[in-house]
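The structure appears below as C-alpha coordinates.
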Amino acid sequence: MTENELSNYPSSYILCFVDGCKLKDNCIHYLAGQHVRDDDNMGYAVYPSVLKSADGCKWHKEYRVIKSAWGFDTLFHSVLQRHAATLRQQIKDYLGGNGTYSRYNRGERRLTPEQQEWMIRLFQKYGYTTNLLFDHYEDAVDW
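For the sequence shown, this note's numbering begins at 5 and goes up steadily by one.
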(Lines of atoms letter the chains of each structure in order from A and count residues from 1; the text may use other names and numbers.)
(Lines give C-alpha, C1' and ligand atoms only; values in the text may rest on other atoms or scores of the structure.)
Protein backbone atom coordinates (compact mmCIF):
# COMPACT_ATOMS: atom_id res chain seq x y z
CA MET A 1 0.00 0.00 0.00
CA THR A 2 1.36 3.39 -0.94
CA GLU A 3 0.87 6.78 0.67
CA ASN A 4 -0.70 7.99 -2.58
CA GLU A 5 -3.31 5.20 -2.46
CA LEU A 6 -4.26 6.02 1.12
CA SER A 7 -4.46 9.78 0.56
CA ASN A 8 -6.80 9.20 -2.39
CA TYR A 9 -9.81 8.48 -0.14
CA PRO A 10 -13.25 9.59 -1.39
CA SER A 11 -14.64 12.96 -0.41
CA SER A 12 -16.75 12.79 2.76
CA TYR A 13 -14.91 9.62 3.78
CA ILE A 14 -14.96 8.83 7.50
CA LEU A 15 -11.41 9.07 8.86
CA CYS A 16 -10.18 7.66 12.15
CA PHE A 17 -7.53 9.07 14.47
CA VAL A 18 -8.16 6.80 17.49
CA ASP A 19 -4.64 5.65 18.37
CA GLY A 20 -5.88 3.42 21.20
CA CYS A 21 -7.89 1.14 18.92
CA LYS A 22 -6.72 -2.49 18.79
CA LEU A 23 -8.01 -2.84 15.21
CA LYS A 24 -6.23 0.20 13.77
CA ASP A 25 -3.37 -1.62 12.03
CA ASN A 26 -5.62 -3.12 9.36
CA CYS A 27 -8.48 -0.58 9.36
CA ILE A 28 -8.84 1.49 6.19
CA HIS A 29 -10.47 4.39 8.10
CA TYR A 30 -7.47 4.64 10.44
CA LEU A 31 -4.87 4.14 7.70
CA ALA A 32 -6.51 6.85 5.57
CA GLY A 33 -6.59 9.10 8.63
CA GLN A 34 -2.81 8.81 8.84
CA HIS A 35 -2.55 10.19 5.28
CA VAL A 36 -4.86 13.21 5.34
CA ARG A 37 -4.41 15.43 2.29
CA ASP A 38 -2.89 18.86 2.91
CA ASP A 39 -5.99 20.62 1.58
CA ASP A 40 -8.37 18.70 3.89
CA ASN A 41 -8.89 20.56 7.17
CA MET A 42 -12.29 19.24 8.29
CA GLY A 43 -14.57 16.29 7.72
CA TYR A 44 -16.17 13.18 9.18
CA ALA A 45 -14.25 11.29 11.85
CA VAL A 46 -14.58 8.33 14.19
CA TYR A 47 -14.67 9.51 17.81
CA PRO A 48 -12.72 7.88 20.66
CA SER A 49 -16.03 6.89 22.29
CA VAL A 50 -16.04 3.82 19.97
CA LEU A 51 -13.54 2.28 22.39
CA LYS A 52 -16.29 2.09 25.02
CA SER A 53 -18.43 -0.28 22.97
CA ALA A 54 -18.36 -3.92 24.08
CA ASP A 55 -19.07 -4.97 20.49
CA GLY A 56 -15.97 -3.24 19.11
CA CYS A 57 -15.85 -0.43 16.61
CA LYS A 58 -18.80 -0.44 14.23
CA TRP A 59 -16.76 1.63 11.77
CA HIS A 60 -13.91 -0.87 11.44
CA LYS A 61 -13.38 -1.89 7.84
CA GLU A 62 -10.48 -4.11 6.95
CA TYR A 63 -8.00 -2.70 4.45
CA ARG A 64 -8.09 -4.69 1.23
CA VAL A 65 -7.07 -4.22 -2.36
CA ILE A 66 -9.66 -5.45 -4.84
CA LYS A 67 -9.73 -6.08 -8.56
CA SER A 68 -12.21 -3.40 -9.59
CA ALA A 69 -13.85 -3.30 -13.01
CA TRP A 70 -15.76 -1.00 -15.32
CA GLY A 71 -17.20 -0.93 -18.82
CA PHE A 72 -19.92 -3.20 -20.19
CA ASP A 73 -19.26 -3.38 -23.96
CA THR A 74 -17.46 -6.73 -23.76
CA LEU A 75 -20.23 -8.22 -21.62
CA PHE A 76 -22.91 -7.18 -24.09
CA HIS A 77 -20.93 -7.97 -27.26
CA SER A 78 -22.47 -11.43 -27.81
CA VAL A 79 -25.83 -10.81 -26.14
CA LEU A 80 -28.89 -11.48 -28.28
CA GLN A 81 -30.96 -8.40 -29.03
CA ARG A 82 -34.01 -9.92 -27.32
CA HIS A 83 -32.04 -10.13 -24.02
CA ALA A 84 -30.09 -6.87 -24.17
CA ALA A 85 -32.74 -4.44 -22.92
CA THR A 86 -33.84 -6.72 -20.07
CA LEU A 87 -30.26 -7.38 -18.93
CA ARG A 88 -29.40 -3.69 -19.11
CA GLN A 89 -32.50 -2.75 -17.08
CA GLN A 90 -31.78 -5.36 -14.39
CA ILE A 91 -28.22 -4.04 -14.08
CA LYS A 92 -29.50 -0.45 -13.86
CA ASP A 93 -31.92 -1.48 -11.12
CA TYR A 94 -29.14 -3.27 -9.24
CA LEU A 95 -26.68 -0.37 -9.52
CA GLY A 96 -29.23 2.32 -8.69
CA GLY A 97 -30.47 3.78 -11.98
CA ASN A 98 -29.44 5.14 -15.37
CA GLY A 99 -26.94 7.68 -14.10
CA THR A 100 -25.14 5.24 -11.86
CA TYR A 101 -25.11 2.63 -14.64
CA SER A 102 -23.45 5.18 -16.93
CA ARG A 103 -20.84 6.10 -14.31
CA TYR A 104 -19.86 2.42 -13.93
CA ASN A 105 -19.82 1.99 -17.69
CA ARG A 106 -17.54 5.03 -18.22
CA GLY A 107 -15.24 4.18 -15.31
CA GLU A 108 -16.20 7.09 -13.08
CA ARG A 109 -17.18 4.43 -10.54
CA ARG A 110 -15.67 0.97 -10.20
CA LEU A 111 -17.43 -2.34 -9.62
CA THR A 112 -16.42 -4.37 -6.59
CA PRO A 113 -15.78 -8.11 -6.98
CA GLU A 114 -19.18 -8.75 -5.38
CA GLN A 115 -20.94 -6.54 -7.92
CA GLN A 116 -19.01 -8.18 -10.76
CA GLU A 117 -20.05 -11.62 -9.54
CA TRP A 118 -23.71 -10.57 -9.35
CA MET A 119 -23.62 -9.31 -12.93
CA ILE A 120 -21.85 -12.41 -14.25
CA ARG A 121 -24.44 -14.63 -12.54
CA LEU A 122 -27.18 -12.57 -14.19
CA PHE A 123 -25.71 -13.23 -17.64
CA GLN A 124 -25.34 -16.91 -16.80
CA LYS A 125 -29.05 -17.09 -15.89
CA TYR A 126 -29.76 -16.05 -19.48
CA GLY A 127 -27.48 -18.81 -20.78
CA TYR A 128 -24.34 -16.79 -21.50
CA THR A 129 -21.18 -18.60 -20.44
CA THR A 130 -18.38 -17.11 -22.55
CA ASN A 131 -16.83 -13.66 -22.77
CA LEU A 132 -18.17 -12.69 -19.34
CA LEU A 133 -15.59 -9.95 -18.91
CA PHE A 134 -15.67 -6.26 -18.21
CA ASP A 135 -13.83 -3.81 -20.44
CA HIS A 136 -11.27 -2.69 -17.86
CA TYR A 137 -9.81 -3.99 -14.62
CA GLU A 138 -7.65 -2.27 -12.01
CA ASP A 139 -6.38 -3.07 -8.54
CA ALA A 140 -7.80 -0.50 -6.14
CA VAL A 141 -8.33 0.11 -2.44
CA ASP A 142 -11.79 -1.01 -1.31
CA TRP A 143 -13.02 2.13 0.37
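Heads up, the beta-carbon is just placed ideally off N, CA and C, and yes, glycines get one too.
Source: prediction; values computed, not measured.
Item checked: Counted within 10 angstroms of its Cβ, other Cβ atoms place G101 as buried (16 or more) or exposed -> Translated into the one-based positions of the sequence shown, residue 101 becomes position 97. Looking at its Cβ environment, which holds fewer than 16 other Cβ atoms inside 10 Å, G101 is exposed.
Checklist line | Own chain residues within Cβ distance below 8 Å of L136, not counting five before or after | finding: As a position in the sequence shown, residue 136 is number 132, starting the count at 1. Excluding sequence neighbours, L136 sits near L79, I124, F127 and Q128.
Next item on the list: Within the stretch 63 to 99, note down every full alpha helix (DSSP H) run reaching 4 residues or more, in order along the chain.
Entry: 77 to 80 and 85 to 99
Checklist line | Within 9 Å, strictly: CB atoms of H1 and W63 | finding: Residue numbering for the chain in the displayed model covers 5 to 147; residue 1 lies beyond these limits and cannot be assessed.
Item checked: Cβ-Cβ separation, E118 to S72 (assumed contact under 8 Å), whole Å -> Looking up residue 72 in the sequence shown gives position 68. Looking up residue 118 in the sequence shown gives position 114. So it is not a contact: roughly 11 Å between Cβ atoms.
Checklist line | Limits of the unbroken beta strand (DSSP E) element including E142 | finding: Here residue 142 corresponds to residue number 138 of the sequence shown, with the count starting at 1. H140 to V145 is the span of the beta strand (DSSP E), which, as asked, contains E142.
Item checked: Proximity to D23 [Cα-Cα], best of F76, V69, L35 and D146 -> For the purposes of this step, residue 23 is taken as residue 19 along the sequence shown, with counting starting at 1. Ranking the options by Cα distance to D23, first place goes to L35.
Next item on the list: Could you please give the first and the last residue of the uninterrupted alpha helix (DSSP H) stretch that includes F127?
Entry: As a first step, residue 127 is located in the sequence shown; it is residue number 123 there, counting from the start. Unbroken alpha helix (DSSP H) run through F127: P117 to K129.
Note to self: Our contact map puts V145 next to V83 with C-beta atoms below 8 Å; I'd like the distance itself, whole angstroms only.
What the structure shows: Sequence index remark: in the sequence shown, residue 145 carries index 141 (1-based). Sequence index remark: in the sequence shown, residue 83 carries index 79 (1-based). Actually they do not touch by this definition, with Cβ atoms about 32 Å apart.
Next item on the list: Identify the continuous alpha helix (DSSP H) that holds H39 and give its terminal residues.
Entry: Within the sequence shown, residue 39 is the residue found at index 35, counting from 1. First-last for H39: undefined, no H or E at that position.
Next item on the list: Hey, could you find the ends of the alpha helix (DSSP H) Y105 is sitting in?
Entry: Within the sequence shown, numbered from 1, the residue matching residue 105 stands at position 101. First-last of the alpha helix (DSSP H) with Y105: N102 to R110.
Checklist line | Residues near Y130 by beta carbon distance below 7 Å, same chain, minus five either side | finding: Locating residue 130 in the sequence shown gives position 126, counting from the first residue. Same-chain partners within the cutoff: H87 and L91.
Margin query: On the CB-based measure, 16 or more other CB atoms within 10 Å of its CB, does Q93 come out buried or exposed?
Written below: As a working note, residue 93 is residue 89 in the sequence shown. Result: exposed.
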